[in-house]
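Enquirer: Note that the numbering used here numbers the sequence shown so that position 319 is 319, with each residue one more than the last.
We put the CB at the ideal spot given by N, CA and C, even for glycine.
Predicted model only: the values in this text are computed from it and were never measured.
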Amino acid sequence: MPMSKLSIRDLELTGRRVFVRVDFNVPLAEGKVADDTRIRETLPTLRLGSERGGRLVLASHLGRPKGKPDLKYSLAPVAARLAELTGKPVGFAADCVGADAEAKSKALPSGGILLLENVRFHPEEEANDEGFSRQLASLCDQLFINDAFGSAHRAHASVVGITKFVRQSAAGLLMEKELAFLGKAVSNPEQPFVAILGGAKVSDKIEVVQNLMKLADAMLIGGAMAYTFLKAQGIPVGKSLVEEDKLDLARGLLAEARKRSFRLRLPVDHVLARSVGGADETQIADINRTPPDWMGLDIGPKTVQQFRVEISRGKTIVWNGPLGMFEKPAFAEGTLAIARAVAEATAAGATSIVGGGDSVAALHQAGVANKISHISTGGGASLEFLAGRKLPGVEALTNKEVKSSE
Ligand code: 3PG
Ligand code: MG
C-alpha cells in the first residue's frame, strides 16, 4: 500500500452514505454464484464500514455486457449471496443510477447495505463519463471507498471518475492487503525472489517479464508461452503452440536475460500429445527431441524437478499462469506439482503470491490454496502491477495529508 493513500480506517463514517466500489465480477451458474471468493474477501471492509455506522452503497461490474442491460449479467444473485454471507438484509437497486437507487440509498439505516445493479449496463461506465460519475457520486455523502483491486487497472467511472465528485476517496481493507503484498514484492522483496510465469501467450506478459527480470533472481517459464521462447532459440517444438509474430520479441527478452546474467529457465522436457484433444496417447520427451507432429501440453518431470529446486530456494515467490493445459488430467501434473512446491516453500518461510484465475484454480485442485501467503483477487490488475504500471484506481485515491511536526 503506498502509504500516502487514504484508508477506510481514516474515514468518519457514522450516519453517512458511502459509495463502495467492489469487484463482484464472479462466475455464475444457473442463476447462482458459483465461486464467492471475491465476495468473501470484501467482507472485512463491509464489516468495518457497517460497524462504524456507514450506510453502504455497493457497486460492481459483472462480465462484459457491452453497455446495455442484460439479465445474464445481473448482480441480483450476488445480492442474495451477500445477504447469506453477512446474515443481514442486502437491498438491491435494479439500476445503478436514477431515482430508485437514490431513494434506496437515502432509506439505508446506519450499517445497512445496498447493492446497485451492474454498472456496465451503462456505456458511460467504461467511457469514464463525467456526468455518469457525478450521478454515481450523488448516491453517497462525499465518501468513496475502493475495495475493487481486481478492477483497479480500469479507468472507469465507478473506479476513477467518481473520485472527482466526492471529498474523500479511500482504499478498502482488501485493496490495502493486495497492495501491501504486491507492493512489497516489487519494491522490497525478500531475496531470493523467484517468479513463475505460465499461460498461453507471451504477448500478455511481455512487460511482466521485462519488469520482473530487474527485480527477481530467477524466472521459471512454462505453459504454451514457453514455446515461443524455445522456438526463438531455434529449438524444434513440433506442433506446440507458438506466437510466430512474437519470436523477435522473445529473442529480445532472451538477449536481455543473457546480458543481465538473469536465470530465465525454460522447460527441458515436456508431456506431448498429437493434438490438444489427444489425451489418450501421450509421451514424455526432452525438449530438443520433440517429434515434428506432436505438441507439448505440460512440463515434464525433469523440468518439475529443476523448477522445484529453484522454488525451494525462494523467499519471495510470485506465480501467474498455469504451466500446461491443467484442465485435462493428462496434462495437469506439472502445474499441480508447482502448486505443491510453492506451498512447501511457503511452509518453509517464503512469502508466496499467486494471481490469475487459472493458477488459483490449480491451487484449489492441488488442495494447497490455504497454504499460500496471498492469493490475489485480481488477475489483470496484479499482472499490470507486476509489470510496474500504476493502477488508475489506486492513483485516483485521496493522498493522505502529511502531518506537519509542530
Ligand atoms: C476481472 O475479473 O478481470 C476484473 O473484474 C476486471 O474485469 P474486466 O477484465 O472485464 O475489466
Ligand atoms: Mg480481466
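Under 8 Å Cβ to Cβ from P236, same chain only, skipping five residues before and after it: list those, please.
Expert: As a first step, residue 236 must be located in the sequence shown, where it is residue number 236. So the qualifying residues of the chain are N288, T290 and P292.
Enquirer: Going along the chain, which residues of its own chain have a beta-carbon closer than 6 Å to the beta-carbon of G63, five neighbours each way excluded?
Expert: Counting from 1 along the sequence shown, the entry for residue 63 is found at position 63. So the qualifying residues of the chain are Y73.
Enquirer: Give a single yes or no on whether R9 has its beta carbon closer than 7 Å to a heavy atom of the ligand 3PG.
Expert: Taking the sequence shown and counting its residues from 1, one reaches residue 9 at position 9. No.
Enquirer: Going by DSSP, name the residue or residues bridged to I375.
Expert: Taking the first residue of the sequence shown as position 1, residue 375 is located at position 375. Answer is V354, bridged to I375.
Enquirer: Return the Cβ separation of I196 and W319 in integer angstroms, given the expectation that the two are a contact with Cβ distance under 8 Å.
Expert: Residue numbering aside, residue 196 sits at position 196 when the sequence shown is read from its first letter. Residue numbering aside, residue 319 sits at position 319 when the sequence shown is read from its first letter. The Cβ separation is near 4 Å, so the contact holds.
Enquirer: Measuring straight from C-alpha to C-alpha, what distance separates F19 and D269?
Expert: What you label residue 19 is simply residue 19 of the sequence shown in a count that begins at 1. What you label residue 269 is simply residue 269 of the sequence shown in a count that begins at 1. Between F19 and D269, the C-alpha separation is close to 52 Å.
Enquirer: Taking V160 as the reference, give the member of K68, S133 and L82 with the closest Cα.
Expert: Start at 1 with the first residue of the sequence shown, and residue 160 comes out as number 160. Checking every option, the nearest Cα to that of V160 belongs to S133.
Enquirer: Mind checking I284: buried by the 16 CB within 10 Å criterion, or exposed?
Expert: Against the sequence shown, residue 284 aligns to sequence position 284. It is exposed - the Cβ of I284 has fewer than 16 other Cβ atoms within 10 Å.
Enquirer: What do you reckon, is the C-beta of N320 under 7 Å from a heavy atom of the ligand 3PG?
Expert: The count along the sequence shown starts at 1 and reaches residue 320 at position 320. Result no, Cβ not under 7 Å from the ligand 3PG.
Enquirer: Would you say the region 302-317 touches the region 239-255, given that touching needs at least three Cβ pairs under 8 Å?
Expert: Contact between the region 302-317 and the region 239-255 is absent, because fewer than three Cβ pairs lie under 8 Å.
Enquirer: If you draw a straight line from the C-alpha of E126 to the C-alpha of G393, how long is it?
Expert: Counted from its first residue, the sequence shown places residue 126 at position 126. Counted from its first residue, the sequence shown places residue 393 at position 393. Roughly 13 Å between the two C-alpha positions.
Enquirer: By the 10 Å Cβ neighbour count, where 16 or more other Cβ atoms means buried, how is E406 classified, buried or exposed?
Expert: In the sequence shown, residue 406 corresponds to position 406, counting from 1. Note that E406 scores 48 on pLDDT, short of 50, meaning its location in the model is unreliable and no value can be drawn from it.
Enquirer: Per DSSP, which residues does H270 bridge with? Please list them.
Expert: Here residue 270 refers to the residue found at position 270 when the sequence shown is read from its first residue. Answer is A285 and I299.
Enquirer: Is L264 helix, strand or coil by DSSP?
Expert: Here residue 264 refers to the residue found at position 264 of the sequence shown. Strand at L264.
Enquirer: Could you please give me the residues that DSSP links to L115 through a beta bridge?
Expert: Residue 115 sits at position 115 when you count from the first residue of the sequence shown. Note: L115 sits in a beta bridge opposite L58 and F92.
Enquirer: Roughly how many whole angstroms lie between the Cα atoms of M1 and K400?
Expert: Numbered from its first residue, the sequence shown carries residue 1 at position 1. Numbered from its first residue, the sequence shown carries residue 400 at position 400. Low confidence applies here, because M1 scores a pLDDT of 48, under 50, leaving its location unreliable; read the following figure in that light. Between M1 and K400, the C-alpha separation is close to 12 Å.
Enquirer: Following the continuous beta strand (DSSP E) through Q168, name the residue where it begins and the one where it ends.
Expert: The residue given as residue 168 occupies position 168 in the sequence shown. Unbroken beta strand (DSSP E) run through Q168: Q168 to A171.
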